[in-house]
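Student: Just passing along the structure, written as structure tokens.
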Amino acid sequence: MFFSKLCLFPFLHPFEVKTKFYNSEMSDLFLEVQIQNISSSTVFIQKVLLKPPEMYTREELNTVNQAGEDKCTFGTRTFLQSMEGRQYLYYLELKQEFSEKAGTIRGLIEMGTLDIAWKRDLGEMAMLQTIQLQREAPGYGNMRLSLETIPDTVILEEPFNIICKITNCSGRKMKLVLKMCDTDSIRWCGSSGRYLGKLSPSSSLCFTLTLLSLKLGLQGVSGIQVTDKVLKKTYVCDNLAKICVIPSTFKMKN
């Protein structure tokens, strides 16, 4: 009588992968991927593919334009030596139809997968290492205020407009009142304390504000307060964005 013995050997992938998401003001994301070869031998990278979730579209930021032609930032080199690393960058743009839903999502979010096809020798079949991507949704509380439109550069003491969007992230209806408070560098134009109206759960509204800057240089936009009349709670929105303020003489010269 013979007995067969089955031995199981663990398979270890050669890469250590670290990912980090960066939030932007417009609900879009930047994804940084760091890949390091932690094995003792050289590994050839055949392909790195990001598969984003349904809510986002993907754009790779791993090329540079040279003489009108896009070339990979890593050149023609396709291998990583032992303990050598490489960094990839991606831009994830939120689809328009999911803009309101994105502001109400909380907790851990599935962000698609990252597939790395690799091989140790050029003649062998490629292996696949798949990384499940997740991120923690930003905690906006019951209400989120974001900027839809704002100029990059403005003229000193000349009025300019910004477009703001409020999203109701709670499960109940809100009654909102807007108040603008002046700062040392920013003056708001128009009446303060105006009624914005009712806002249903998971919905948004946009409004335009006019302001001017009293100081040159890089100035922060602050001083917006939104009060929910139902709960009698005030949300203070400071440091919404930065704007570059230039003198009027600079505009005339240009």
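Residues 1 to 254 (UniProt numbering) are what the sequence shown spells out, left to right. Beta carbons: idealized from backbone N, C-alpha and C, even for Gly. Values in this document were obtained by computation on a predicted structure and should not be read as measured data.
Count the other C-beta atoms from every protein chain shown that fall within 10 angstroms of the C-beta of GLY193, then say buried if there are 16 or more, exposed otherwise.
Tutor: By the neighbour-count rule (16 or more Cβ atoms within 10 Å), GLY193 is not buried but exposed.
Student: Please report the straight-line C-alpha distance between LYS119 and GLU84, rounded to a whole angstrom.
Tutor: Those two C-alpha atoms are separated by around 16 Å.
Student: For GLN81, which of helix, strand or coil comes out of DSSP?
Tutor: Coil, per DSSP.
Student: Helix, strand or coil for MET252, going by three-state DSSP, please let me know.
Tutor: Because the pLDDT at MET252 is just 46, under 50, the model does not fix this residue reliably, and the point stays unresolved.
Student: Buried or exposed: which applies to TYR22, given that a residue is buried once 16 or more other Cβ atoms fall within 10 Å of its Cβ?
Tutor: Flag for TYR22 reads exposed.
Student: Given a cut-off of 7 Å on the beta-carbon distance, is the pair LYS47 and GLU32 in contact?
Tutor: Against a cut-off of 7 Å, the Cβ pair of GLU32 and LYS47 comes out as no contact.
Student: What are the start and end residues of each continuous alpha helix (DSSP H) run of 4 or more residues lying completely inside the stretch 206-236, in chain order?
Tutor: Whole alpha helix (DSSP H) segments, 4+ residues: zero.
Student: Given 8 Å as the limit, is there contact between the stretch 78-98 and the stretch 43-59, that is, 3 or more CB pairs closer than that?
Tutor: Taking 8 Å as the limit for Cβ pairs, the verdict is that the stretch 43-59 does touch the stretch 78-98.
Student: Measure from the alpha carbon of PHE98 to the alpha carbon of each residue in LEU218, THR208, SER202, GLY190, then state which is nearest.
Tutor: Comparing Cα-Cα distances from PHE98 to each of LEU218, THR208, SER202, GLY190, the minimum goes to SER202.
Student: For SER39 and SER82, I'd like the C-alpha separation in whole angstroms.
Tutor: Looking at the two C-alpha atoms, the distance is approximately 6 Å.
Student: CYS189 to ILE150, Cα distance in whole Å?
Tutor: Distance between the alpha carbons of CYS189 and ILE150 is about 16 Å.
Student: Would you tell me roughly how many angstroms separate the C-alpha atoms of PHE44 and THR57, rounded to the nearest one?
Tutor: For PHE44 and THR57, the distance between alpha carbons rounds to 28 Å.
Student: Give me the Cα-Cα distance between LEU205 and GLY223, rounded to the nearest whole angstrom.
Tutor: Going by the C-alpha atoms only, they are around 19 Å apart.
Student: So, ASN142 versus SER170, is the Cβ gap smaller than 7 Å?
Tutor: Yes, they are a contact pair.
Student: Would you tell me roughly how many angstroms separate the C-alpha atoms of MET252 and VAL221, rounded to the nearest one?
Tutor: Here MET252 scores only 46 on pLDDT, less than 50, and its place in the model should not be relied on; the value that follows carries that caveat. Rounded to whole angstroms, MET252 to VAL221 spans 25 Å at the Cα level.
Student: Can you tell which of LYS165, GLN36, GLU148, ASN65 has its C-alpha closest to the C-alpha of LYS18?
Tutor: Checked all of LYS165, GLN36, GLU148, ASN65; the closest Cα to LYS18 is GLN36.
Student: Step through the CB atoms of chain D and report whether any lies within less than 7 Å of the CB of MET83.
Tutor: In the structure shown, chain D does not exist; there is a single protein chain.
Student: Could you pull out every unbroken beta strand (DSSP E) segment of at least 3 residues lying fully inside the stretch 98-165, listed in chain order?
Tutor: 108-119, 127-136, 143-149, 153-155, all fully within the stretch 98-165.
Student: Following the continuous beta strand (DSSP E) through LEU178, name the residue where it begins and the one where it ends.
Tutor: Counting along the chain, the beta strand (DSSP E) containing LEU178 begins and ends at 174-180.
Student: Leaving out five residues before and five after ASP70 in sequence, what residues of the same chain have Cβ atoms less than 6 Å from its Cβ?
Tutor: THR63.
Student: Whole-angstrom Cβ separation of LEU199 and LYS173, contact assumed at under 8 Å?
Tutor: Contact holds; Cβ gap of about 7 Å.
Student: Contact check, THR208 vs ILE163 under 8 Å by CB: the rounded distance?
Tutor: That belief holds up - the Cβ atoms of THR208 and ILE163 are roughly 5 Å apart, short of 8 Å.
Student: Nearest-angstrom Cα distance between LEU92 and THR76?
Tutor: Approximately 26 Å, taken between the alpha carbons.
Student: May I have the straight-line CA-CA distance separating VAL236 from GLN134, to the nearest angstrom?
Tutor: Roughly 30 Å between the two C-alpha positions.
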